[in-house]
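Single-structure report; data block below.
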Amino acid sequence: MPSAALAFKPTPMKDVLCIGSVLWDVIGRASAVMRVGSDVPGRITRIPGGVAMNIAMTLRRFGVRPVLLTAIGRDEEGDELITAAARLGMETGYVYRSEDLPTDVYMAIEGANGLIAAIADAHSLEAADAKILTPLRDGRLGSAAAPYAGQIALDGNLTEELLRDIAQSPLFANADLRVAPASPGKAKRLMPLLDSANATIYVNLEEAGLLCNAMFETAPEAAAALLQRGAASILVTDGGRAAAHAGASGVLTATPPEVLVTRVTGAGDTFMAAHMAAEARGDAPDVALNAALRAAAVYVSGDVPS
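The sequence shown begins at 30 in my numbering and counts up one residue at a time.
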């Protein structure tokens, strides 16, 4: 499929808050099929990453100014990360900078057969906890009397306790919440937000199964089950197979474009950001779903920068 058919469309949007992990991604990629114990040549990169950052970078390509709410250390790595984020067009003035917590890092190995293994060290974000939300309560971005009313992207690297507080907090009562679990291992952290009327949840097939304590064969089946469990709006992806969006209008399905996969880390975050942008510009649910799948296909094919 020609790259022009998968091009991004500009989106007239207000600022979007991106709350969660902003860290360094250290990614090792090899063109060979890998297994446990493999030792092969490849490329190793270090780039700005983390779920909140990946979402922010995609939103930026749609002309949005992402506002980062996260924890970044006052170490050398943190200073470099702040500089990189600002250069990419992020608003970093609300970031919590810790004197005693190091900057977080994510490490992954990818082969021709996909993601082999990954470790996310987001301990500083977890330790900072509710401190990263201070601008939402002190009047700079909102307050309990005048809550922030725009789109907010949340990621599951926040602690379960903080996510539970967010689900009940008046600071988020007027927000359009968009929530991703960060990884299957953190999917169950989203349970407090699952039945929030103002939340849209983005998961893959495995994460959907973990939220339902069940195994699903397809994304539409999983989306329907999560809808029955109280989700107001749920999107389920399944790699190159059909994805689904379940909401008030029922369950919609769409199949991603076929592309040569060159990377996988960050694909789900790209899907989420592209869907947020599509809905913000007023696209119908089926159009928004297809736009998000096209954006993710562009990303995994390597046609846009990391």
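Backbone N, C-alpha and C fix where the C-beta goes; we use that ideal spot for every residue, glycine too.
Review point. To which residues of the same chain is glutamate 236 closer than 6 Å at the C-beta, ignoring the five residues directly before and after it?
Key: Pro210, Pro213, Ala216
Check your understanding: Would you report the Cα separation of isoleucine 101 and alanine 157, rounded to the nearest angstrom?
Key -> 9 Å
Practice item. Closer than 6 Å by C-beta to leucine 264: which residues in its own chain qualify, once you throw out the five before and the five after it? Chain order, please. Key: Tyr231, His274
**Study point:** Same chain, Cβ closer than 6 Å to methionine 136, five either side skipped, listed in chain order
**Key:** Val55, Ile148
Exercise for review: Check whether the stretch 76–87 touches the stretch 161–168, counting contact only when three or more Cβ pairs, one atom from each stretch, lie closer than 8 Å.
Suggested key: no
Review point. Excluding five sequence neighbours on each side, which residues of the same chain lie with their C-beta closer than 8 Å to the C-beta of valine 293?
Key: Glu139, Gly143, Leu144, Val329
Practice item. Let me know the secondary structure DSSP gives glutamate 139 once reduced to three states. Key: strand
Check your understanding: Taking the beta strand (DSSP E) that aspartate 205 falls in, what are its first and last residues?
Key -> 205–209
Check your understanding: What separation, rounded to the nearest whole angstrom, lies between the Cα atoms of methionine 301 and glutamine 180?
Key -> 12 Å
Practice item. Taking all protein chains shown into account, decide if asparagine 242 is buried (16 or more other Cβ within 10 angstroms of its Cβ) or exposed. Key: exposed
Check your understanding: Rounded to whole angstroms, how far is the Cβ of leucine 240 from the Cβ of leucine 222, which I believe are closer than 8 Å?
Key -> Between leucine 222 and leucine 240 the Cβ distance is about 11 Å, and since that is not below 8 Å, they are no contact.
Check your understanding: Span of the beta strand (DSSP E) holding alanine 271?
Key -> 270–276
Check your understanding: Quick one: what's got a C-beta closer than 6 Å to threonine 24's C-beta in the same chain, skipping five residues either side?
Key -> What the structure shows of the chain is the stretch from 30 to 335, and residue 24 is not part of that stretch, so it cannot be assessed.
Exercise for review: Return the residue from the list Val96, Asn83, Asp194 that minimises the CA-CA distance to glycine 295.
Suggested key: Asn83
Practice item. Give me the Cα-Cα distance between valine 316 and serine 262, rounded to the nearest whole angstrom. Key: 16 Å
**Study point:** Nearest to glycine 352 (by Cα), restricted to the options Ile48, Gly122, Ala141
**Key:** The shown model of the chain, from 30 to 335, leaves out residue 352, and the question about it has no answer.
**Study point:** Check whether leucine 200 and threonine 229 have beta carbons under 8 Å apart
**Key:** no
**Study point:** Backbone CA spacing between glutamate 128 and glutamine 257 [nearest angstrom]
**Key:** 45 Å
Check your understanding: Helix, strand or coil: which one does DSSP assign to asparagine 186?
Key -> coil
Practice item. Could you check the C-alpha separation between phenylalanine 37 and proline 131 for me, to the nearest Å? Key: Confidence is the limiting factor: at phenylalanine 37 the pLDDT is only 40, short of 50, which leaves the residue's position unreliable and the question unanswerable from this model.
Check your understanding: Can you tell me where the alpha helix (DSSP H) with isoleucine 349 in it begins and where it stops?
Key -> Residue 349 cannot be examined here, being either before or after the span of the chain that is shown, 30 to 335.
Check your understanding: Apart from the five residues just before and just after methionine 30, which ones in its own chain have a Cβ nearer than 6 Å to its Cβ?
Key -> Since pLDDT at methionine 30 reaches only 35, below the 50 mark, its modelled position is unreliable, and the value read off the structure follows with that caveat. Answer for methionine 30: Pro286, listed in chain order.
**Study point:** phenylalanine 176 (DSSP reduced to helix, strand or coil)
**Key:** The residue you asked about is not phenylalanine; residue 176 is proline in the sequence shown. Residue state, collapsed to three classes: coil.
Practice item. Taking only the alpha-carbon atoms, compute the straight-line gap between glycine 15 and alanine 182 and give it to the nearest angstrom. Key: Limits of the chain in this structure are 30 at one end and 335 at the other, which puts residue 15 out of reach.
Check your understanding: When the Cα atoms are used, what is the spatial distance from alanine 141 to arginine 64?
Key -> 10 Å
Review point. Straight-line CA distance for leucine 187 to alanine 61?
Key: 34 Å
Review point. Who are the Cβ neighbours of valine 134 in its own chain at under 7 Å, not counting the five residues just before and after it?
Key: Leu52, Trp53, Val55, Asp150
Practice item. Please report how far the alpha carbon of isoleucine 195 lies from the alpha carbon of serine 172, in whole angstroms. Key: 13 Å
**Study point:** Test item: CB-CB of leucine 46 and tyrosine 177 under 8 Å
**Key:** yes
Check your understanding: With a Cβ-Cβ cutoff of 8 Å, do leucine 170 and tyrosine 125 count as a contact?
Key -> no
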